[in-house]
Amino acid sequence: MPTFVYMTRCDGCGHCVDICPSDIMHIDTTYRRAYNIEPNFCWECYSCVKACPQNAIDVRGYADFAPLGHSVRVRREEEKGTISWKLKFRDG
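Take the sequence shown: its letter number 18 is residue 18 in full-length UniProt numbering, and every next letter is one higher.
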């Protein structure tokens, strides 16, 4: 499941760029927002998703995993120190 960035949420902090092992996360110099330059080369480690303090990076699930129109979101519980995933289908 490759990653993608919600540009409206991204503040350009660069945490995703620093942590990405495949070096595919970059900061757009004009808009100061992160973006994935080559989604097909994503290692699917989701380090960028976990590192993003603005929760601006999501993953796109594969069709055999989740149907079209879904979203996969990271859920952080800072006080517990846990990270989990929430899969939301388009019908609720």
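Note that beta-carbon positions come from the ideal geometry of N, C-alpha and C, so glycine has one too.
is_contact[residue 9, chain B] using C-beta, thresh 7 Å: Considering every chain present, this structure includes no chain B. It has just one protein chain.
Local conformation of residue 41 per DSSP, three classes: helix
Candidates 20, 90, 91, of which the one nearest residue 52 by Cα: 20
Exposed unless 16 or more other CB atoms sit within 10 angstroms - verdict on residue 83: exposed
Status (buried if at least 16 other CB within 10 Å, exposed otherwise) for residue 24: buried
Neighbour-count burial assignment, residue 30, 16 or more Cβ in a 10 Å radius: exposed
Contact the region 6-14 vs the region 38-47: 3+ CB pairs below 8 Å: no
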